[in-house]
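K.L.:
Residue numbers (our numbering): -9 to 795.
Below you will find the structure I want to go over with you.
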Amino acid sequence: MAARRAVVRWAWRLFRREWRQQALVLALLTLAVTATVFGLGAVANAPASPAAVFGNADYRVGLPGSTSDLAALRASYPAAEIIEHRKVTVRGLATALDVRGQAPDGPLGKPKLRLTDGRYPSGPGEVALTARVARLLGLHVGSAWRPSGTSWTVVGLVENPLDLLDTFALVQPGLPGPVDRVEILVKATGAQFAAVHRPDGSTVDFRGAGDVNAGPQAVLILATVGLLFVGLLAAAGFTVLAQRRQRALGMLGAVGARQRHLRLVTQANGALVGAVAAVVGGGLGLLIWFAAATRLEGLVEHRIDRFDVPWTEVVIALLLAFLTAVLAAWWPARGVARVPIVAALSDRPPRPRPAHRFAVAGVVLTAAGLALLVASKHSRPFLIVGGILATAVGMLLLAPLGVAALAAVARICPVGPRLALRDLARYRARSGAALAAISLGTGIAAAVVIGAGAAQAAGEAPPTTGNLPPDQLIVWLSPERISGPVPTLSAEDLRNTQAGVQSVADGLHARWTLPLVGALSPKAQPMGGASGVDGKPVAVLGIPEPGDGGHTRYNGDTMIPLLVATPALLQRYGIDPASIDPAAEVLTARTDLSRYDLLTGAERPHKWQPAVQRVTLPVYTSEPIVLLTDHGMRSLGLDPITVGWLIQAPAALTPAQVDKATTTAIATGLSVETRPVLADMARLRAIATGIGVAVALGVLAMTVGLIRGEGARDLRTLTANGAGGGTRRILVAATAAALGGLGALLGVTGAYAAQIAWYVHQLHWLAEVPLMNLAGLVVGLPLVAAVGGWLLGGRAPSAIARTPL
C-alpha cells in the first residue's frame, strides 16, 4: 500500500509538471466528450414529435363537417377537444389554406399552437396567420384579409412549434358557415376509446409506440460511436505518453517496482485525465448546445427547448467517458510495464506487432457488422447497435495494416517523406490509434453526408407518382387550378400575364415553359369561384359519388384535367402528329376512362365514352395525362382557352425557390402549384463535411504534434547533418498528409459499406453520389493537413539542443 501511495503521488506530480503534454490528451478527450454531449442533445431533439399531430392526446378522430351531436361524442370520452377545419381557396396559393377553429388554451391541442406576434383571436372577424402565409399574402398584424368574400382582421402571427411547415389560419372555435372536417383529440385508454361508438365515415389515428423509441435509439447509437471515438483518442494519447515515460518507468522498475506499480502510473494518469475531460467536455458540450439549438430549428423544422436534453443519457455518457479513459490507459500501461528494464532504459521503440493479425480480425468483424445491419431491417435496436459497433471496430482494426503499407510506399519517396512514413510504421501502436481516430471522425461525417442524400431521395420517391415531379411547377390562371372558373383574358391582359409567367421562369432559370390549353364550352355559365374570381369552368373528368339528398357530387381531388393536344405539347412529349388516329378523340396513357363523367359546366354531366388512343404521357395528376384531339374538340363543340403554364426547372425546387415563385405569381394575380418540397439536404451535407474535416484536423494537429515530438532524437541527427527548417516542414507535412489521406479513405469506405448494408433493399436511394462532399474529405483533408503542417512545422524544438537525462 505504501508503494501504491508513492506511485499515485508521483503520477499526480507528473500530471501537474507535464501539463503541456497532458493538455494535448486532455484536449483530445474534451473534444470527444463535447461532441458526444452536443450530439446527444441534437439527436434527441431532431426527430419530429408525435405531439405535432396529437398534442397531448392519444387518439385523433376525423369526422365529416356535417356530423351532428359532436358535444355528446366529446362528452363520451374522458378527455377530448374539438378542432374545426375549413379549406379556403386563396389567390396565389394553388393548395387551399386550412382555416382552423381551435381554442388556444385547449387541454389537448395546446402544444400545437404558439403565438409569435400580436395576440390570439378573441372574437368573430379576427384571425391569426402563420408567418409564411402572412409573408406570401403581404399581410401583417392589423391588416384586413378577405378570402371568399369574408373579411377577417389579422390580430396575430402563430405557428405549430412542433411542425414549422404546418401552414394554417387560426380563428375562434365555432367557424361561421359550413365546416369541411372536424378533428377530435382524445386522451383515453384503449378500452375507454373502443367503448365509444363513432359515426360512419370517421377516421382514427393513434399515437404509435414506435414514435417514442425513435429518439432513444438514435441517442444510443450516437453514444456508442462517440464513446468508441473517445477510447481511440485516449488510447493514442496514452500510448505516446507511456512511451515517453519509458526510461523513467525503467528506472522505477530498477529500484524494485513491480508490474502492477508500473501499470498504476499510467492508469492513475488516465483517471485524472478522464475526470477533468468529462467535467470540462460536458460543460462545453452543453454550452455549445444551448447556443446552437436555435439554429438547428431551421434544419429540423420544429422548435427546440434547449433544456429538453436527455440528462440521464448525458450523465451516463460522462461516466462512461471517464471509464473509457481509464480503460484506454490500461492497454498502454500493460504494454509499457512488460518492457524489460534494460530495454526500457535504452529507450528503444517497441517492436511492432504483425499487422495481418489485426487485419484478419478487422475483416471478420466488418463482415459480421454489415450482416447485422442487413438483418436489423431498420427495426431491431440491438442488431443496429451491434452492427454499427462491429463495423466501426472492424474498419478500425484495418488501420495498422494501412500504417504498415506506408512503409512500402516510403521506398519510392524522397528522403523527407520517406523518414516520416517509416517513422509512422516504426511506431505503429500510436500511429494506428491516431489513424483509427481520424478514420472514425471522417467516417461519421461521410455517413451523415451519404445518409442525407439517401433521405432526400427517399423523400422524393416514388419518382412517378404525385401531382408533379420535384423539378416542375405549374402557374395557373385560376386559384382553384383547373377545377375552378378560368378568367377570360383580353389580348393585353394575356401579354401581362405571360410577362409574369416569364418572370417566374427567369427566377428559376427554367429550361422551358409550356402553355397548357384547356377546353371551354361556349354554353358554359359564368360563375364565381371560392376565391372570388369570375370566369367560366373548363371541361374536366370527374368520378360520380353519392351525396346528401340523393344528389351526385364530384370530388375535386379525383378530377382529371382535360387539356388540348397542341403542337407544342405533342412535340414536348415526343408524340408525332402523323401517328394520331383521325377518329381518336382522346390521347391518354390510362387504360380505362369508363368511371368518369364529362363535366363542361354547360349541361348536366353525362357518361362519355370517347374513342381513345393509347400514347405515352406522364402519370402525375396535374400534368397533361388526358389530351383532347382536334376531332374530340369538334365533336364536343369546345373552344380552346389558356389555363396555365408548365415550367421545367433545372433541378429539384427548394423551399426558397417555391416562395420566390409564389410571391412573383401573386403580384401578377396568378397561382403556383408545386410538389410538396422537403427540407434541402445540401446545407446539412455541407455542415457535416465541414465538421468532419474540422474534427479530423484537430485530431491530426494534436496527434502529429505528439508523434513528431517523439522524433527529437532523429531531428538532432538531421540537424547535425545540416538539415534546416525545410526538412522539418517536410516531415510534419508528410506525416499529416499520410494520416489524413489514409484515415479519410478508410472512413469513407467504411461509411459507404455501412450505408449499402442499411439501404440494401433501396439501393437506388444511394444512386446519387455526393462527389463534392466526399472529395472534400478524401482530397481536401490531406491537402489542408499538408499545408498546415508545412506552415507550422518549421520552428526548431528547444529539445534539440539538450541531451535527455
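By construction, the Cβ of each residue, glycine as well, lies at the ideal position given by its N, Cα and C atoms.
To the nearest angstrom, how far is it from the Cα of Q752 to the Cα of Q257?
P.N.:
Along the sequence shown, read from residue 1 onward, the residue named residue 752 stands at position 762. Along the sequence shown, read from residue 1 onward, the residue named residue 257 stands at position 267. Going by the C-alpha atoms only, they are around 47 Å apart.
K.L.:
So, are the CB atoms of G532 and V476 less than 8 Å apart?
P.N.:
As a first step, residue 532 must be located in the sequence shown, where it is residue number 542. As a first step, residue 476 must be located in the sequence shown, where it is residue number 486. For G532 and V476, no; Cβs fall outside 8 Å.
K.L.:
Name the DSSP beta bridge partners of Y610, please?
P.N.:
The residue given as residue 610 occupies position 620 in the sequence shown. According to DSSP, which records beta bridges pairwise, Y610 is partnered with nothing at all.
K.L.:
Taking buried to mean at least 16 other C-beta atoms within 10 Å of its own C-beta, is P527 buried or exposed?
P.N.:
One-based indexing of the sequence shown puts residue 527 at position 537. Label assigned to P527: buried.
K.L.:
Which residues bound the alpha helix (DSSP H) around Y624?
P.N.:
The sequence position of residue 624 within the sequence shown is 634, counting from 1. A small fix is needed here, since residue 624 is Arg in this sequence, not Tyr. 620 to 626 is the extent of the alpha helix (DSSP H) around R624.
K.L.:
Give the DSSP bridge partners of Y749, in chain order.
P.N.:
The residue you call residue 749 lines up with position 759 of the sequence shown. Paired residues: none, contrary to the question.
K.L.:
Can you name the residues that DSSP bridges to G108?
P.N.:
Within the sequence shown, numbered from 1, the residue matching residue 108 stands at position 118. Answer by DSSP bridge pairing, in chain order: G146.
K.L.:
How many Å lie between V494 and T632 at the Cα?
P.N.:
The sequence position of residue 494 within the sequence shown is 504, counting from 1. The sequence position of residue 632 within the sequence shown is 642, counting from 1. Between V494 and T632, the C-alpha separation is close to 17 Å.
K.L.:
Select from M385, R296, L628, A427 the residue whose C-alpha is nearest the C-alpha of A318.
P.N.:
As a position in the sequence shown, residue 318 is number 328, starting the count at 1. The option with the nearest alpha carbon to A318 is A427.
K.L.:
Taking the straight line between their C-alpha atoms, what separation do you get for I294 and L373?
P.N.:
Numbered from its first residue, the sequence shown carries residue 294 at position 304. Numbered from its first residue, the sequence shown carries residue 373 at position 383. Those two C-alpha atoms are separated by around 30 Å.
K.L.:
Using the C-alpha atoms, what's the distance from D88 back to T835?
P.N.:
The shown model of the chain, from -9 to 795, leaves out residue 835, and the question about it has no answer.
K.L.:
Skipping 5 residues on each side, what residues in its chain have a beta carbon closer than 7 Å to that of R412?
P.N.:
Numbered from 1 along the sequence shown, position 422 holds the residue referred to as residue 412. These residues qualify, in order along the chain: A397, A400.
K.L.:
Answer with buried or exposed for R6, where buried requires no fewer than 16 other C-beta atoms within 10 angstroms of its C-beta.
P.N.:
Within the sequence shown, residue 6 is the residue found at index 16, counting from 1. Exposed.
K.L.:
Decide if A1 is buried, meaning its Cβ has at least 16 other Cβ atoms within 10 Å, or exposed.
P.N.:
Reading the sequence shown from its first residue, position 11 is the one you call residue 1. Buried is the call here.
K.L.:
Let me know the secondary structure DSSP gives R(-5) once reduced to three states.
P.N.:
Along the sequence shown, read from residue 1 onward, the residue named residue -5 stands at position 5. Reduced to three states, the DSSP call for R(-5) is helix.
K.L.:
For R624, I'd like the list of residues in its chain whose CB is within less than 7 Å of its CB, leaving aside the five on either flank, ordered along the chain.
P.N.:
Along the sequence shown, read from residue 1 onward, the residue named residue 624 stands at position 634. Cβ neighbours of R624 beyond the five flanking positions: none.
K.L.:
Assuming contact is defined by CB atoms lying nearer than 8 Å, are A558 and P505 in contact in what I supplied?
P.N.:
The residue given as residue 558 occupies position 568 in the sequence shown. The residue given as residue 505 occupies position 515 in the sequence shown. Yes, the pair counts as a contact, with Cβ atoms nearer than the cut-off.
K.L.:
Return the first residue and the last residue of the alpha helix (DSSP H) that V332 is part of.
P.N.:
Taking the sequence shown and counting its residues from 1, the one referred to as residue 332 is at position 342. 331 to 336 is the span of the alpha helix (DSSP H), which, as asked, contains V332.
K.L.:
K77 by DSSP, collapsed to three states: which one?
P.N.:
Taking the sequence shown and counting its residues from 1, one reaches residue 77 at position 87. K77 falls in the strand class under three-state DSSP.
K.L.:
Roughly how many angstroms separate the alpha carbons of P300 and G779, rounded to a whole number?
P.N.:
Position 310 of the sequence shown, counted from the first residue, corresponds to residue 300. Position 789 of the sequence shown, counted from the first residue, corresponds to residue 779. Spanning the two alpha carbons is a distance of roughly 39 Å.
K.L.:
To the nearest angstrom, report how far apart T106 and L147 are at their CA atoms.
P.N.:
Position 116 of the sequence shown, counting from 1, holds the residue named residue 106. Position 157 of the sequence shown, counting from 1, holds the residue named residue 147. Approximately 6 Å, taken between the alpha carbons.
K.L.:
Using only alpha-carbon positions, find the residue among L628, I434, I681, C403 that is nearest to A744.
P.N.:
For the purposes of this step, residue 744 is identified with residue 754 of the sequence shown, where counting begins at 1. When only C-alpha atoms are compared, the closest one is I434.
K.L.:
Quick check on DSSP: helix, strand or coil for T654?
P.N.:
Within the sequence shown, residue 654 is the residue found at index 664, counting from 1. It is helical.
K.L.:
Throw me the rounded Cβ distance for the L636 and Q462 pair, which I believe falls under 8 Å.
P.N.:
On the sequence shown, position 646 is the one that residue 636 refers to. On the sequence shown, position 472 is the one that residue 462 refers to. Confirmed, Cβ separation roughly 7 Å.
K.L.:
When the distance is taken between beta carbons, is P567 closer than 8 Å to L560?
P.N.:
Here residue 560 refers to the residue found at position 570 of the sequence shown. Here residue 567 refers to the residue found at position 577 of the sequence shown. In this structure, P567 lies closer than 8 Å to L560 by Cβ.
K.L.:
Can you look up S56 in the DSSP assignment and give me helix, strand or coil?
P.N.:
If you number the sequence shown from 1, residue 56 lands on position 66. DSSP places S56 in coil when its eight states are reduced to three.
K.L.:
Could you give the DSSP three-state label for Q462: helix, strand or coil?
P.N.:
By 1-based counting over the sequence shown, the position of residue 462 is 472. Q462: strand per DSSP, three-state reduction.
K.L.:
With DSSP as the reference, label D649 as helix, strand or coil.
P.N.:
The residue you call residue 649 lines up with position 659 of the sequence shown. DSSP places D649 in helix when its eight states are reduced to three.
K.L.:
So who's on the other strand from S661, going by DSSP bridges?
P.N.:
Taking the sequence shown and counting its residues from 1, one reaches residue 661 at position 671. Answer is W466.
K.L.:
What's the C-alpha gap between P206 and L362?
P.N.:
Numbered from its first residue, the sequence shown carries residue 206 at position 216. Numbered from its first residue, the sequence shown carries residue 362 at position 372. Caution is warranted here: a pLDDT of 49 is assigned to P206, below 50, making its placement in the model unreliable, and the coordinate value is therefore given only provisionally. P206 and L362: Cα-Cα distance of roughly 20 Å.
K.L.:
Helix, strand or coil, according to DSSP, for K367 in the structure here?
P.N.:
In the sequence shown, the residue the question calls residue 367 occupies position 377. K367 falls in the coil class under three-state DSSP.
K.L.:
Using DSSP bridges, identify the partner residues of T120.
P.N.:
In the sequence shown, counting from the first residue as 1, residue 120 sits at position 130. Partner(s): V148.
K.L.:
Check the C-beta distance from F312 over to G264 and give it rounded, since I have them as a contact under 8 Å.
P.N.:
One-based indexing of the sequence shown puts residue 312 at position 322. One-based indexing of the sequence shown puts residue 264 at position 274. Rounded, the Cβ-Cβ distance is 4 Å, consistent with contact.
K.L.:
Out of R171, L577, R64, which has the shortest C-alpha to C-alpha gap to V602?
P.N.:
Start at 1 with the first residue of the sequence shown, and residue 602 comes out as number 612. Looking at the Cα atoms, L577 is the closest of the given residues.
K.L.:
Quick check: is any heavy atom of the ligand HEM less than 7 Å from the C-beta of P407?
P.N.:
Although the ligand HEM was asked about, the structure shown includes no ligands whatsoever.
K.L.:
Would V769 pass as a contact of T725 if the rule is Cβ separation under 8 Å?
P.N.:
Taking the first residue of the sequence shown as 1, we reach residue 769 at position 779. Taking the first residue of the sequence shown as 1, we reach residue 725 at position 735. It is not a contact, given that the beta carbons lie outside the stated cut-off.
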